[in-house]
Each structure stands twice: as C-alpha cells, then as structure tokens.
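So that you can map any letter, position 78 of the sequence shown is 84 in this note's numbering, and since no number is skipped, the others follow by simple counting. The beta-carbon is built from N, C-alpha and C at its ideal position, and this holds for glycine as well. Note that this is a predicted model, so its numbers are computed, not measured.
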Amino acid sequence: SSDRKFPLLEEVFREFPEIPINIDIKIDDDELIEKVNALIVNYNREQITVWGNKSSSIVNKAYALNPNIPTLFSIGGVVKLILLFYSGLLPFVPLKESTLEVLMPSIFLGDDVLPIIGGKMRFVLRVLDVLLMRPALFHHLERRGIQTYLWVLNEEREFERAFKLGATGVMTDFPTKLKEYLDKNPQYRRPNSATS
C-alpha cells in the first residue's frame, strides 16, 4: 500500500485560493485557533472561510479573535436558535453566526436504517426533524444573510427535500451525484456555487 499524505491547511489555501472552505476546529486550543486565524488572514480568506465547532467555547473564541471570519452555529447556538424561533423572538435578537450547518434528521429514518436505530432514538430524530427542518426558519435566516447547509445528504430524494426546505446547500459524500442532480435541477443552483 502506498503512503497517503493529508495536505496541510496552508497547502489547501494555496491550491484553492477562491474556493469557499469550511473549517471545523476539533480541539479547544487557543494556539490552534490563533494559527488557523493567521492562515485565514494571510491568505485573504476572511470572506470565503467559515469556522467553528459544535462547542460553544470554540465558536466564541474564534469569533472573539476575529469577528470578520464567518462562524457556524454550535450545538448550544442551535438550541438557542430553535428557542428564539418558536418563541417568536428570533427577529429581535442579533446573531453572530453566519451559517447554520446541521444534519437533516430524516436521513436516519429511512427503511434501510430503522433496524439499527431504536424506538427512542427514532422519536428524538423525528422531533428534531420537525423542529429544525422548517422553511420559515431557513427563509428567515436567509433574509438575515445566514446560510443554511444540511448534511450528510447522499441521495437525490435528500437533495430534493433540502432544497425544497430552502437550504442554501448540502454537504455530501458524493459531489458528482450532487452535481448531476443540480445539472438536472438548475433552479436550485446558486450563482456563487462552487459547482457552477
């Protein structure tokens, strides 16, 4: 077997200077956050790079260090977003986040995955799907300049649902399949899409 080398973030920035990139800071480490920030700034990527993590601590540190780099909602941020949305207060509360990146719970509810997921978990997933997958929420966020991405969608029916809900885009393990879907459904293609 041949050795495989993962590219350094700097190499990715150098090789793809105009491609939007999403960075998940996996470790709550101030030095790591500072070094990633320095790379983003040095390569003039503050407008086309999104960073954050499921941890509110990491998102808050990233935002405090450089509020010019778009951040994603942490888990705590998503909970706050849902509470504000259903209480009717969302239009009146400022949000620092620039992207909502969440899984589409229904992908775990198909016939092919039911045997592995127990009844309680299926119930939780259904509730999350009802609470989160709301066109009104996605459209409200879009009006505020906040993009919504759903993951990890790998089937045409999942792409279709995401775009009909109003998602800005999807994350997939099969970019070619997504490109083919968008070629057949150009109404969902965004003008600044990396696949255009």
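CA-to-CA distance, Pro-13 to Leu-137, given in whole angstroms: If you take the alpha carbons of Leu-137 and Pro-13, they lie about 38 Å apart.
Tyr-187 versus Glu-162 - alpha carbon distance: Near 7 Å, if we compare the C-alpha coordinates of Glu-162 and Tyr-187.
For Glu-103 and Ala-68, the rounded distance between their alpha carbons: The alpha-carbon atoms of Ala-68 and Glu-103 are separated by roughly 11 Å.
For Asp-34, the first and last residue of its enclosing alpha helix (DSSP H): No alpha helix (DSSP H) holds Asp-34; DSSP gives it neither H nor E.
Proximity below 8 Å, CB of Leu-71 to CB of Ile-33: Using a Cβ distance threshold of 8 Å, Leu-71 and Ile-33 do not count as a contacting pair.
Helix, strand or coil at Asn-160 according to DSSP, with G and I counted as helix: Asn-160 falls in the coil class under three-state DSSP.
Range covered by the beta strand (DSSP E) that runs through Gly-58: In the DSSP annotation of this structure, the continuous segment of the beta strand (DSSP E) that includes Gly-58 starts and ends at 55-58.
Backbone CA spacing between Ala-173 and Val-133 [nearest angstrom]: Spanning the two alpha carbons is a distance of roughly 19 Å.
Pair within 8 Å by beta-carbon distance, Phe-144 and Leu-171: Yes, the pair counts as a contact, with Cβ atoms nearer than the cut-off.
Sufficient close CB pairs (3 or more, under 8 Å) joining the stretch 51-66 to the stretch 13-28: In short, these stretches touch, since the Cβ pair count reaches three.
Whole-angstrom distance between Ala-44 and Gly-116, CA atom to CA atom: Going from the Cα of Gly-116 to the Cα of Ala-44 covers about 43 Å.
Cβ-Cβ distance between Glu-164 and Met-127 below 8 Å: Against a cut-off of 8 Å, the Cβ pair of Met-127 and Glu-164 comes out as no contact.
N-terminal and C-terminal residue of the beta strand (DSSP E) that Val-84 is part of: Here Val-84 belongs to no beta strand (DSSP E); instead the alpha helix (DSSP H) covers 81-93.
Cα-Cα separation between Arg-10 and Asp-179, rounded to whole angstroms: Per the coordinates, the alpha-carbon of Arg-10 lies some 19 Å from the alpha-carbon of Asp-179.
Residues near Arg-31 in its chain [Cβ-Cβ closer than 8 Å; skip 5 each side]: The residue asked about is misnamed: residue 31 is Ile in this sequence, not Arg. Leu-38, Ile-39, Val-42, Trp-57, Gly-58, Asn-59, Ile-64 and Ala-68, listed in sequence order.
Close Cβ partners of Phe-19 (< 7 Å) along its chain, the five nearest in sequence each way excluded: For Phe-19, where only same-chain residues beyond five positions count, the Cβ hits under 7 Å are Leu-45, Tyr-49 and Arg-51.
Same chain, Cβ closer than 6 Å to Pro-141, five either side skipped, listed in chain order: Leu-171 and Gly-172.
Within the stretch 127-175, ranges of the beta strand (DSSP E) (whole runs, at least 3 residues): If we require 3 residues or more, the beta strand (DSSP E) runs fully inside the stretch 127-175 come out as 153-157.
Pro-76 classed as buried or exposed, judged by whether at least 16 other C-beta atoms fall within 10 angstroms: When all chains shown are included, Pro-76 counts as buried.
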